[in-house]
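Start counting the sequence shown at 75; every next residue gets the next number (this note's numbering).
A short write-up of the structure that comes next.
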Amino acid sequence: MADLVSESPPPVSAPPPAAGLDRSLLRGIAWTGGAKWATQLLGWSSTLLVANLLGPDPYGLIGMASVFLGLVSTLTEFGLGTAIISLRKLSAEQNRQLNTIALALGVVGALLTCAAAWPLGWIYREKQLPMIIVAMSSTFVLSALRIVPTAQLQRDLLFRRLAILETLQSVVFAIANVVFALLGFGVGTLVIGAVVSQTVGTILTWMARPERFAWPRRDSLGGALQFSSHVLISRLAWYLYTNADFAVAGLVFGKSVLGAYTLAWQFASIPIDKISAMIARVTPAYFAAAQDDNRTMRGILLNITEGLAFLTLPATFGLALVAPEFVRLILGPEWSGAIVPLQLLSIYASYRSLVTVLPQVLTVKGDTKWTMWLGVWTAIALPIGFLVGSRFGPAGIAAAWIVVYPIFTVPLYRRSFAAIELRRDPYLRVLWPSLRGALAMAAAVLAARILLPESMSNVWRTVALVAIGVVVYGAVTVYPQLGRMKRLLASVRGSGAVPRPMRRRSPRRRRARRRRDVG
Numbered sequence: 075m076a077d078l079v080s081e082s083p084p085p086v087s088a089p090p091p092a093a094g095l096d097r098s099l100l101r102g103i104a105w106t107g108g109a110k111w112a113t114q115l116l117g118w119s120s121t122l123l124v125a126n127l128l129g130p131d132p133y134g135l136i137g138m139a140s141v142f143l144g145l146v147s148t149l150t151e152f153g154l155g156t157a158i159i160s161l162r163k164l165s166a167e168q169n170r171q172l173n174t175i176a177l178a179l180g181v182v183g184a185l186l187t188c189a190a191a192w193p194l195g196w197i198y199r200e201k202q203l204p205m206i207i208v209a210m211s212s213t214f215v216l217s218a219l220r221i222v223p224t225a226q227l228q229r230d231l232l233f234r235r236l237a238i239l240e241t242l243q244s245v246v247f248a249i250a251n252v253v254f255a256l257l258g259f260g261v262g263t264l265v266i267g268a269v270v271s272q273t274v275g276t277i278l279t280w281m282a283r284p285e286r287f288a289w290p291r292r293d294s295l296g297g298a299l300q301f302s303s304h305v306l307i308s309r310l311a312w313y314l315y316t317n318a319d320f321a322v323a324g325l326v327f328g329k330s331v332l333g334a335y336t337l338a339w340q341f342a343s344i345p346i347d348k349i350s351a352m353i354a355r356v357t358p359a360y361f362a363a364a365q366d367d368n369r370t371m372r373g374i375l376l377n378i379t380e381g382l383a384f385l386t387l388p389a390t391f392g393l394a395l396v397a398p399e400f401v402r403l404i405l406g407p408e409w410s411g412a413i414v415p416l417q418l419l420s421i422y423a424s425y426r427s428l429v430t431v432l433p434q435v436l437t438v439k440g441d442t443k444w445t446m447w448l449g450v451w452t453a454i455a456l457p458i459g460f461l462v463g464s465r466f467g468p469a470g471i472a473a474a475w476i477v478v479y480p481i482f483t484v485p486l487y488r489r490s491f492a493a494i495e496l497r498r499d500p501y502l503r504v505l506w507p508s509l510r511g512a513l514a515m516a517a518a519v520l521a522a523r524i525l526l527p528e529s530m531s532n533v534w535r536t537v538a539l540v541a542i543g544v545v546v547y548g549a550v551t552v553y554p555q556l557g558r559m560k561r562l563l564a565s566v567r568g569s570g571a572v573p574r575p576m577r578r579r580s581p582r583r584r585r586a587r588r589r590r591d592v593g
């Protein structure tokens, strides 16, 4: 990719050597994961409290606004962060020019959003929607100021610092939502919480990694902007097909059904978003650092896939299994319409979590044009599936994810495996232990649901089903993997080698080899 940049690279901190990337990656994930899960309980608790205080309608309004706001957010980001991470030879001057472009795009996005607010209110027939969209437009400028500094922190593998920044922002978001909901701000609660947390996050990011501005020059940024344009179109396609279900639900069924579907999506995504998003945050920088070493990239992909399956499959399978009890117990009977969509979306989420990393492989290999076109075709097919599925209600929309989405991931798997010379068998071997445990857990919970007495209270029924699932998955998958888990923990602490599938020489063997080389 050297032809994509034309100036000498800045003196950034070098990544670990290829042989040490795996351990550095584990530490990056450990820091990011620890920070994410430290705030998970607070975030989930605040969501439950705010949902009970506000009801479905405010979530429906935010869902309507989010369809357009997310599209503009994708446009204004323009793939600049990915370019900075993947094109490691960008110079300091080029980064400043990209920072100027990012800010300009953020301002343009905010202005366009304000102009579109009232037409969108007319389309959805909601009088409150325009002011919500106008207020949320300020987040585009705030987010734009963070694109380049955040990407530089990722490129330099400073994930401890990033984890602290994002934890503080999440805490502010949760506290703001609860406070303003209790004060009776209604739908304004969700708007104010987003703006306040974005403001705090931007200030903290600039304190950690300030970046200057420079006037953009086409001759300097031509290659980087072409790379970014492919990433942008891929993300636009991704945004369109991941939000088309909300658009169809809102237009066909109205805000109450959309609110139930939106909350079902949020809860189905909770088990994987904190994990998949955490890993997606860390892995691009490591794939980029190892982009010329297929063996290292294979090891990273297999280890990440194994970890994703181990954590997300039991969570998503379990949520699908206990969704009826969970919704009635936690949210109340008025949210019953979310049960079936929650079950179907949880099943889809289990598959989505495993696919997350594959586009990163092709991106750092420079195969962005192919991923762009795959995204475009997916964005054409999935909305059609949602429209057809809407004939069967919100559950039909959720089912379209399970039917249509896997069709387009088959070529993605083939292309990614070919790019790093990975065979199918090693990939399936790292998946099987977790999949076997999740299937055994599902069989046990389904049997328990039949055997448990109908007179049992919903609370104890939920507790019993969850306990049975945990015990079965622990016995089938966790217990046989205890030795491997201990070795992984030791490698994070720096006191042991990373276990297979990534083989690495011990420090003693490396020192012995260096002595032989010197001799």
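Yeah, the Cβ is synthetic: ideal placement off N, Cα and C, and Gly gets one too.
In this text, all values refer to a predicted model and were calculated from it rather than measured experimentally.
Euclidean distance between Cα positions of residue i and residue j
| i | j | result |
| --- | --- | --- |
| residue 296 | residue 171 | 12 Å |
| residue 399 | residue 266 | 32 Å |
| residue 547 | residue 196 | 50 Å |
| residue 261 | residue 523 | 38 Å |
| residue 329 | residue 263 | 17 Å |
| residue 406 | residue 277 | 39 Å |
| residue 150 | residue 214 | 7 Å |
| residue 500 | residue 368 | 15 Å |
| residue 145 | residue 138 | 12 Å |
| residue 543 | residue 275 | 38 Å |
| residue 549 | residue 519 | 14 Å |
| residue 148 | residue 306 | 7 Å |
| residue 123 | residue 394 | 22 Å |
| residue 538 | residue 512 | 17 Å |
| residue 191 | residue 152 | 22 Å |
| residue 467 | residue 279 | 43 Å |
| residue 157 | residue 301 | 7 Å |
| residue 374 | residue 298 | 26 Å |
| residue 571 | residue 135 | Interpretation of residue 571 is limited by its pLDDT of 48, a score under 50 that renders its predicted location unreliable; the figure taken from the coordinates is listed afterwards. When rounded, the distance between both Cα atoms is 51 Å. |
| residue 164 | residue 173 | 13 Å |
| residue 457 | residue 527 | 42 Å |
| residue 569 | residue 360 | Note that residue 569 has pLDDT 48, beneath the 50 cutoff, so the model's placement of it is unreliable and the number below is only indicative. Roughly 21 Å between the two C-alpha positions. |
| residue 490 | residue 350 | 18 Å |
| residue 463 | residue 317 | 15 Å |
| residue 358 | residue 434 | 6 Å |
| residue 271 | residue 142 | 20 Å |
| residue 426 | residue 477 | 13 Å |
| residue 423 | residue 432 | 15 Å |
| residue 556 | residue 245 | 33 Å |
| residue 185 | residue 204 | 13 Å |
| residue 256 | residue 119 | 14 Å |
Same chain, Cβ closer than 7 Å to residue i, neighbours up to 5 away in sequence not counted
| i | result |
| --- | --- |
| residue 461 | 322 |
| residue 188 | 208 and 211 |
| residue 331 | 323, 411 and 468 |
Cβ shell of residue i (< 6 Å), same chain only, five flanking positions each side left out
| i | result |
| --- | --- |
| residue 397 | 413, 416 and 417 |
| residue 403 | 532 and 536 |
| residue 155 | 221 and 225 |
| residue 315 | 452, 453 and 456 |
| residue 507 | 551 |
| residue 445 | 308, 433 and 436 |
Beta-carbon contacts of residue i that lie in its chain and below 8 Å, excluding the five residues immediately before and after
| i | result |
| --- | --- |
| residue 505 | 379, 380, 383 and 428 |
| residue 334 | 130, 409, 411, 412, 415 and 468 |
| residue 419 | 338, 339, 342, 343, 472 and 475 |
| residue 288 | 167, 170, 171, 173 and 174 |
| residue 242 | 274, 275 and 278 |
Any non-hydrogen atom of the ligand NAP closer than 7 Å to residue i Cβ
| i | result |
| --- | --- |
| residue 515 | Of the ligands one can find in the structure shown there are none, so the ligand NAP has no counterpart to examine. |
The region 176-193 in contact with the region 214-230 per 3-pair CB rule at 8 Å
yes
Quick check: the region 470-479 against the region 309-322, are at least 3 beta-carbon pairs closer than 8 Å?
yes
Segment contact, 8 Å Cβ cut-off, at least three pairs: the region 241-260 with the region 118-137:
yes
With a threshold of 8 Å, are at least 3 pairs of Cβ atoms found where one atom belongs to the region 279-290 and the other to the region 223-232?
yes
Would you be able to state if there are at least three C-beta pairs under 8 Å between the region 432-447 and the region 383-395?
no
Does the pairing of the region 302-312 with the region 445-462 give three or more beta-carbon distances under 8 Å?
yes
Please give me, in chain order, every unbroken run of the alpha helix (DSSP H) with length at least 4 that falls completely inside the region 197-264.
203-210, 212-229 and 233-256
Between the region 475-486 and the region 339-359, are three or more C-beta pairs nearer than 8 Å?
no
Could you pull out every unbroken alpha helix (DSSP H) segment of at least 4 residues lying fully inside the region 487-557, listed in chain order?
498-525 and 532-547
Please give me, in chain order, every unbroken run of the alpha helix (DSSP H) with length at least 4 that falls completely inside the region 123-186.
130-151 and 154-160
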